[in-house]
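Participant:
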Amino acid sequence: MDSRILDQFRAIVGKDGLITEPEQLRTYECDGLTNFRVVPSAVVLPTSTEQVQGVVRTCHRERIPFVARGSGTGLSGGALPIESGIVISLARLNRILEVDLANARVVVEPGVINASVTQQVSPNGFFYAPDPSSQQVCSIGGNVAENSGGAHCLKYGFTTTHVLGLEVVLPDGSLVHLGGKTLDRPGYDLAGVFVGSEGTLGIATKIILRIVKRPEIIQTLLAAFNSTNEAGAAVSGIIAAGMLPAAIEMMDNLAIQAAEAAVHAGYPNCGGLLLVELDGPAAEVELLMAQVKEICTECGAWEIRVAQSEEERAVIWKGRKAAFAAMGRISPNYIVQDGVIPRTALPQVLSEIERLSAEAGLRVANVFHAGDGNLHPLVLYDRRIPGQEHLAEELAFSILGLCVKAGGSITGEHGVGEEKKKFMSVMFAEPDLDTMQRVRCAFDPERLSNPDKVFPRPRLCAEKPGPYQPHPLEVAGVAELF
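The sequence shown lines up with residues 2 to 483 when you count with the working numbering.
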């Protein structure tokens, strides 16, 4: 990158806020999805909104593409750098600015770690509900970009439910405020548009979060079944009974083996493991937990265990939260997907995944937010074996195709990013994609903010809508799934 431009960045963020050494830049060449790697031209680490504005204004003036990055834990390539572009790391904007318990609000900077919000407010009986498995390391800014979920989003909702307002630096460097501390503000829900936009509309520098009062009692049940089909039937039975648990999670035997090897959670060796968490008034939870036990028993559960202490409950959840990272115990490499299906399609889709796994000769471990149909199939492979990485990618994409055919989605919480963008034309018609592009152009007409992500092909803001002829590679990557 031109030294003149680097000097401009250095003047804004200081000498220790600019990274240009090739060895250090490689730290930022990918996010949690390591299949794609691009070394950025530079990385800047601002410490204030004003510095973010200064950096973005320079990028706008010099037509330099930029990618905002939080903790780098994303799993769709959303924070993948752009050739000849820069990364704007928000790791140093990590302050909790305001805690308003009376109104159940917290104001944070984007680099604040997810779990830190609950740690801050838990002594006063509150918690922050969205809880991705990476919540000990992922940042709120990244959660906002991807509209992240977690185990407890079945009852409490995704990130978008808990973001009331945002301070945003637009791609031209101007500052706007979307939403606010009050509920249901008049006008367009631009905060709702921004959450889940994957960094394509600008950079959030302050975020107003809604926190929730901790319920009177929390009970966590573990149930062991011979198969995931039996566990899935129990999930359907619980929902059909009119209950809304705080969480319903499922793991198959391969995932159980990995979690046990990693954290020794004490899981039984079974074909399908179900975790059900209920919270609320004590009398209600006791009554509903009795019903959950009965439903699990009727569906074939041969072991049912309810955590008897907060410590035991934490151990149960530790195994589930560690499931992704634990795959390294049983496989040198893996790909994780996060398709969504209707709950009623779970048995058929799991059977198809098993068939595809056998045909490919690769193991697939299954972990899911069973209550809302969000699957997390983990395709296990060994990169050292020639061709196996490509085979694993094909299998992972075939599983996404199954989800769409079942009436579901290509992503529930990980985002589209770089990895899944070619599948957007499978889910959406061309007029739908054109409408999305018009929203993007309203925020970023120069296409500088995380360009070339989300959409299946580059789109210019001056481009007129018309018949879309897909790129041959896009056809080759998708057509065989249907």
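The C-beta atom is built at its ideal place from N, Cα and C for all residues, glycine as well.
Are the beta-carbon atoms of VAL196 and VAL169 separated by less than 8 Å?
Facilitator: No, the Cβ-Cβ distance between VAL196 and VAL169 is not below 8 Å.
Participant: For the region 292–310 against the region 341–349, are there 3 or more C-beta pairs whose distance is under 8 Å?
Facilitator: As far as the Cβ criterion goes, the region 292–310 does not touch the region 341–349, which means the pair count is below three.
Participant: Using only the alpha-carbon positions, how far apart do SER310 and PRO216 sit?
Facilitator: Those two C-alpha atoms are separated by around 16 Å.
Participant: Report the residue from LEU98, HIS153, ASN125 whose alpha carbon sits nearest the alpha carbon of PRO131.
Facilitator: The option with the nearest alpha carbon to PRO131 is HIS153.
Participant: Cβ atoms of GLY418 and GLY79: under 8 Å apart, would you say?
Facilitator: Closer than 8 Å, so yes.
Participant: Going by the CB atoms, is the gap between GLU147 and GLU110 shorter than 8 Å?
Facilitator: No, the Cβ-Cβ distance between GLU110 and GLU147 is not below 8 Å.
Participant: Where does ILE13 fall in DSSP's three states?
Facilitator: Of the three classes helix, strand and coil, the one that applies to ILE13 here is helix, per DSSP.
Participant: Excluding the five sequence neighbours on either side, which residues of its own chain have a C-beta within less than 6 Å of the C-beta of PRO446, listed in chain order?
Facilitator: These residues qualify, in order along the chain: CYS462.
Participant: So if DSSP puts HIS178 in a beta bridge, which residue, or which two residues, is it bridged to?
Facilitator: According to DSSP, HIS178 bridges with GLU168.
Participant: Which whole-angstrom value is the C-beta distance of VAL122 and ILE89, which I expect to be below 8 Å?
Facilitator: Contact flag wrong, Cβ pair sits at about 28 Å.
Participant: From VAL236 to GLU250, what does the alpha carbon distance come to, in whole angstroms?
Facilitator: Spanning the two alpha carbons is a distance of roughly 9 Å.
Participant: Does the separation of the CB atoms of ALA361 and LEU392 fall below 8 Å?
Facilitator: Cβ distance < 8 Å, so ALA361 and LEU392 count as in contact.
Participant: Would you give the residue range spanned by the alpha helix (DSSP H) that ALA157 belongs to?
Facilitator: The amino acid occupying residue 157 in the given sequence is Tyr; Ala does not appear at that position. Taken as a continuous stretch (DSSP letters only), the alpha helix (DSSP H) holding TYR157 covers 154–157.
Participant: Taking all protein chains shown into account, do 16 or more other C-beta atoms lie within 10 angstroms of the C-beta of ASN1, making it buried, or fewer, making it exposed?
Facilitator: Outside the modelled stretch of the chain, which goes from 2 to 483, sits residue 1, for which no answer is possible.
Participant: In angstroms, rounded to a whole number, what distance separates the CA positions of LYS423 and GLY281?
Facilitator: Cα-Cα distance, rounded: 42 Å.
Participant: When you compare only the Cα positions, how much space is there between LEU276 and LEU434?
Facilitator: In a straight line, the C-alpha of LEU276 is about 38 Å away from that of LEU434.
Participant: Comparing alpha-carbon positions, which option in CYS271, MET290, PRO41, GLU395 lies nearest ALA242?
Facilitator: When only C-alpha atoms are compared, the closest one is MET290.
Participant: Is it a yes or a no for the region 39–51 touching the region 368–388, going by three-plus beta-carbon pairs under 8 Å?
Facilitator: Taking 8 Å as the limit for Cβ pairs, the verdict is that the region 368–388 does not touch the region 39–51.
Participant: Distance check for ASP173 and ILE204, CA to CA, integer angstroms please.
Facilitator: About 11 Å.
Participant: From GLU30 to VAL68, what does the alpha carbon distance come to, in whole angstroms?
Facilitator: GLU30 and VAL68: Cα-Cα distance of roughly 11 Å.
Participant: Mapping DSSP to helix, strand and coil, what is MET251?
Facilitator: Strand.
Participant: Just the C-alpha distance for THR59 and THR50, rounded to the nearest angstrom, thanks.
Facilitator: If you take the alpha carbons of THR59 and THR50, they lie about 14 Å apart.
Participant: For the beta strand (DSSP E) holding GLU287, just list the boundary residues, first then last.
Facilitator: Looking at the DSSP string, GLU287 is not in any beta strand (DSSP E); the run it does join, the alpha helix (DSSP H), is 283–299.
Participant: Let me make sure I understand the geometry here. Which of PRO246, GLY142, ARG106 has the alpha-carbon closest to that of VAL286?
Facilitator: Closest option to VAL286, Cα to Cα, is PRO246.
Participant: Between ALA327 and VAL264, what straight-line distance do the alpha-carbon atoms span, to the nearest angstrom?
Facilitator: Rounded to whole angstroms, ALA327 to VAL264 spans 8 Å at the Cα level.
Participant: Quick check: the Cα distance between ARG5 and GLN438, rounded to an integer number of angstroms?
Facilitator: Answer to the nearest angstrom: the Cα atoms are 33 Å apart.
Participant: Please work out which residues of its chain come closer than 6 Å, Cβ to Cβ, to PRO82, disregarding the five sequence neighbours upstream and downstream, and give them in chain order.
Facilitator: Cβ within range, chain order: VAL39, PRO41, VAL68, VAL88.
Participant: Rounded to whole angstroms, what's the CA-CA distance from PRO432 to PHE369? Just pull it up for me.
Facilitator: Near 32 Å, if we compare the C-alpha coordinates of PHE369 and PRO432.
Participant: If you drop the 5 nearest sequence neighbours on each side, which residues of the same chain put their C-beta closer than 6 Å to that of GLU304?
Facilitator: Excluding sequence neighbours, GLU304 sits near ALA225, PRO269.
Participant: Candidates VAL53, ILE240, GLY408: which alpha carbon is nearest ALA371's?
Facilitator: The residue with the shortest Cα to Cα distance from ALA371 is ILE240.
Participant: Between the Cα of LEU223 and those of VAL455, ARG321, GLN137, spot the shortest distance and give me the residue it belongs to.
Facilitator: The shortest C-alpha separation from LEU223 is found at ARG321.
Participant: Whose C-alpha, out of GLY71, LEU202, LEU98, is nearest the C-alpha of LEU91?
Facilitator: Checking every option, the nearest Cα to that of LEU91 belongs to GLY71.
Participant: Name the DSSP beta bridge partners of PRO378, please?
Facilitator: Per DSSP, ASN367.
Participant: Could you tell me the boundaries of the alpha helix (DSSP H) in which GLU51 lies?
Facilitator: Segment 50–63, the alpha helix (DSSP H) holding GLU51.
Participant: Beta-carbon separation of ALA266 and VAL316 under 8 Å?
Facilitator: Cβ atoms of ALA266 and VAL316: closer than 8 Å.
Participant: From what residue to what residue does the alpha helix (DSSP H) around GLU304 run?
Facilitator: Note, GLU304: premise wrong, no alpha helix (DSSP H); beta strand (DSSP E) at 304–307.
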